[in-house]
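So the sequence lines, in the order shown, correspond to chains A and B.
In this text, residue positions in the first sequence follow the numbering used here: the first is 1, and each later residue adds one.
In this text, residue positions in the second sequence follow the numbering used here: the first is 1001, and each later residue adds one.
Ideal Cβ positions, reconstructed from N, Cα and C, are used throughout, including at glycine.
Worksheet: the structure to be examined is printed underneath.
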Amino acid sequence: MTATDTILSPQQLSAADPARRQRRTAWMLTAPALALMVLILLAPVAIAAVLSFTNYSLGNFGFDWVGVENYDKLLTRSTYAKMFTATFTYVLTVTPISVGLGLGAALLINSLTRLRDLYKTIYFLPVMATLIAMSIAWEFMLHPTIGVVNQTLAKGCGTWVETLWPWLAMHCAEGMPLWLGNRRYAIWVVCFVGIWQGFGFNMVLYLAGLTSVHRELYHAAEIDGARSGWERFRLVTWPALGPTTVFVVTISSIRSFQVFDTIEAFYPIGAGPGKSAYVMMFAIFEKGVEQNLIGIGSAITMMFLGFVLMITLIQRWLVERKVHYG
Amino acid sequence: MAGLILRQIAKTFGETRVLRGISLDIADGEFVSLVGPSGCGKSTLLRIIAGLEAQSSGEVLIGGEDVTGVRASDRNLSMVFQSYALYPHLTVGENIAVPLRMRQLTAAQRLPVIGSLMPGARARGREIAGAVSEAARTLDIDGLLERKPGQLSGGQRQRVALGRALVREPAAFLLDEPLSNLDAKLRVHTRAEIAELHRQLRATFVYVTHDQVEAMTMSDRIAVMMGGEILQCAAPGVVYDDPEDLRVAEFIGSPKINLLPADVGDGGRLSVMGHPLDLAVPSGARGVRIGLRPEALVVADAGAPLVGRVVHFENLGSDLFAQVAVPGLEDRVVLRASPRMRSSLRLDATVALSFDPAAALVFDGAGKRLRDLRRPAANRHREAVL
Ligand SMILES: Nc1ncnc2c1ncn2[C@@H]1O[C@H](COP(=O)(O)OP(=O)(O)OP(=O)(O)O)[C@@H](O)[C@H]1O
Ligand SMILES: [Mg+2]
């Protein structure tokens, strides 16, 4: 406002009200970010939420409202029961094991004086490699006849190993397992590859967490009579890693929910023998993209978002309540 | 409770010699401070006593027993760390209880939930709770037992760290600069509290500090360390009035001791700034310097050995320190005067300073104290006798 504006209209007067002007500027400055957020993040979710109550297919001009029919299918059809079984098997296996292995590897590497970087790089390699390429390598290794896994196992046939390991004895007699083609093993093989690929990432997060543990705390623990490594771990390391652990578990479980590429690489159609590796992401892809059943695809997506949201809320609650020592 | 004996402790880190043969006898119940400038090896020595660091050579005896090779948790010592090192996830009460739980409960009794169901765990737990609340009462932190360390002030944390140290009865207490994180006022307060605690417990204390005031006010004896050696270990008064070494004289005392170069004349007679003194050293001494505490200097009439201009004042209320620039001396001479002298000690005023030769501390060129002082053989310069 310049000094020549002597007569002010009511509008100008209200604009001159500093609090109001500030508020308007604030909205103006946040508007672009807000618009983008609504456009890219919230709108698709909202649209998916709406579509999950319809039978819409891409290319159709209209759609019918079907109410909760899509959700009803999800909860009653056996295909989707298989989907939930596969998803939770994967999440509940891969998350704890990859977190545990990550922590173990981080503790071991942290106790080294030399060759730290070498080990770090080795364990981190699978994280950096694309899972598609690695899946091909695994497919090759797990090949029923020429794969290195079964060939190694076959070497144990007829030796003392066979007598100690009934499982091996059984397969020596009946032939080595079809790892990827067997309904019983398929999901576990997928889990194994997920763990192999993911724990290096957790290890790196834990290594970062370990650098923040105060060295004098270990000395205090020693003086206080914590003799064994386990006691020092319980008294100092594990509590100090609390915030890291919450983060690592959250990230790992969300990543596990999102597993798709291993299954797509191993089983481009059908998601494993008898749909035994039919995880949610694969279902979304199959229904929503391949079969153009947008309605049911959206319903699965909403369920998926619900799970992820739940994990995130638990994480927030834990961080605020339990592991924040501030 | 037990005494500590250090015999020729040496420590090298790679190429660096950090400790060069430290020997020290600490009696049962004694309060000994280790003072010295930063990096002189105080913490290293304390950590060697505690067993957190292994000495390169020499031995540590606790209560007459050689503890070389005994691990820290078996030495029965308590230590307060510079950073306090409280367990952030435990409450104050749990923090103080840790040393007792670790020592008095079995591994099974310490298990999270089922531990308290183990036989004997309840009774032990009650004993521990009793000891914790007693330690907390001693330190006046019984109102804080439920808080986490993160919710405490620096002074409160420091007391919790002390509480964790004194909840059991160790052979000795080792304290590594426990007051360095406190503000000046709290430091003075806690200083007195620790000294009182020592009187009350009659326990052996080894106290590391680089603050000479702390050392002077709390200890039975002060060990002045420099460059990995103990230069002198004696009662605070002795270290101040009767230092063995120039470096000790310079380190102890604030403001610093005044050092004047002295010439050695015939018969070893010393003179300062051309003024002969009533003091003689054994002949052959070179590079002699005279140390004078600020309170040893008095304002005198003209003709005194030191004449200079007042360039700076520090009025502390009870004391007045004047810095006097004396032509021919590199460093300013610091004089302590009573505030009554304020009018005569104006800025830029010219003052003459003299001193009692008996109060002068004489050091040879290597910094060693010269104790073999005599009156000058010939008393030719009567007019200069002070
Ligand atoms: N682990 C180590 N490796 C190599 N040098 C070390 C190590 N620990 C200490 N030093 C060196 O030993 C010397 C003495 O260290 P120390 O911590 O005992 O000093 P200090 O007297 O306690 O000093 P401050 O008053 O600053 O705490 C220092 O020069 C330090 O650099
Ligand atoms: Mg130190």
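{"query": "Distance between H219(A) and V1092(B) (C-alpha atoms, nearest Å)", "result": "18 Å"}
{"query": "Q1438(B) Cβ short of 8 Å to ligand 2 heavy atom set", "result": "Residue 1438(B) is absent from the model: chain B starts at 1001 and stops at 1386."}
{"query": "Those residues, in chain order, that have a beta-carbon closer than 5 Å to some heavy atom of ligand 1", "result": "F1013(B), V1018(B), S1038(B), G1039(B), C1040(B), G1041(B), K1042(B), S1043(B), T1044(B), H1210(B)"}
{"query": "With 16 other Cβ atoms within 10 Å as the buried cut-off, status of S256(A)", "result": "buried"}
{"query": "Nearest-angstrom Cβ-Cβ length linking M1225(B) and G1051(B), presumed shorter than 8 Å", "result": "The Cβ separation is near 20 Å, so there is no contact."}
{"query": "Supposed contact pair F63(A) and W70(A) - C-beta distance, whole angstroms, cut 8 Å", "result": "Note that residue 70(A) is Asn in the sequence shown here, rather than Trp. Contact doesn't hold; Cβ gap of about 12 Å is too wide."}
{"query": "Test: V246(A) CB closer than 9 Å to a CB of chain B", "result": "no"}
{"query": "Check: V1272(B) C-beta below 8 Å from any heavy atom of ligand 2", "result": "no"}
{"query": "Proximity test, V1160(B) beta-carbon vs ligand 2 heavy atom, cut-off 8 Å", "result": "no"}
{"query": "Identity of the residues DSSP links to P96(A) by a beta bridge", "result": "None; P96(A) has no bridge partner."}
{"query": "Inter-stretch contact (C-beta, 8 Å, three-pair minimum) for the segment 1347-1364 of chain B and the segment 1288-1299 of chain B", "result": "yes"}
{"query": "Contact residues within the segment 1046-1076 of chain B, judged by C-beta distance below 7 Å to chain A", "result": "A1050, L1052, A1072, S1073"}
{"query": "8 Å contact criterion, which P1294(B) and P1255(B) should meet: CB distance rounded", "result": "6 Å"}
{"query": "Pick from L1100(B), P1339(B), F1013(B) that is closest to A363(A), judged by C-alpha positions", "result": "Because residue 363(A) is not part of the residues shown, which for chain A are 1 to 326, the question remains open."}
{"query": "CB contact below 9 Å: P166(A) versus chain B", "result": "no"}
{"query": "Three CB pairs or more closer than 8 Å across the segment 1183-1202 of chain B and the segment 1155-1171 of chain B", "result": "yes"}
{"query": "Contact with chain B by A3(A), beta-carbon distance below 9 Å", "result": "Note on A3(A): pLDDT 46, under 50, position unreliable in the model; the coordinate value appears next. Answer no: the Cβ-Cβ gap between A3(A) and chain B never drops below 9 Å."}
{"query": "Secondary structure, beta strand (DSSP E): runs of 3+ residues fully inside the segment 1299-1333 of chain B", "result": "1306-1315, 1320-1325"}
{"query": "Cβ of P239(A) within 9 Å of any chain B Cβ", "result": "yes"}
{"query": "Complete runs of the beta strand (DSSP E) confined to the segment 1232-1291 of chain B [at least 3 residues]", "result": "1258-1261, 1269-1272, 1275-1280"}
{"query": "Through-space distance from V1213(B) to L1292(B), alpha-carbon basis", "result": "19 Å"}
{"query": "Backbone CA spacing between A86(A) and Y278(A) [nearest angstrom]", "result": "6 Å"}
{"query": "Ligand 2 heavy atom lying under 8 Å from the CB of V1206(B)", "result": "no"}
{"query": "9 Å Cβ cut-off: residues of chain B touching A226(A)", "result": "S1073, V1098, M1102"}
{"query": "Listed by chain order, chain A residues near M1225(B) by CB distance under 8 Å", "result": "Neighbours of M1225(B) on chain A: none; closest Cβ ~21 Å, over 8 Å."}
{"query": "Chain A contact residues for A1085(B), given Cβ-Cβ distances below 8 Å", "result": "H214, E216, L217, H219, A220"}
{"query": "Integer-rounded CB distance, given that F266(A) should sit under 8 Å from V190(A)", "result": "7 Å"}
{"query": "Cβ-Cβ separation, S52(A) to G295(A) (assumed contact under 8 Å), whole Å", "result": "6 Å"}
{"query": "Cβ shell of A1191(B) (< 7 Å), same chain only, five flanking positions each side left out", "result": "Looking at the sequence shown, residue 1191(B) is not Ala but Arg. The residues are L1179, E1214, T1217, M1218."}
{"query": "Beta-bridge partners of E1059(B), as assigned by DSSP", "result": "R1007(B)"}
{"query": "For V308(A), three-class secondary structure by DSSP", "result": "helix"}
{"query": "Anticipated Cβ contact below 8 Å, A1300(B) with A1337(B), distance rounded", "result": "12 Å between Cβ atoms; not a contact."}
{"query": "Distance between D1266(B) and A1280(B) (C-alpha atoms, nearest Å)", "result": "9 Å"}
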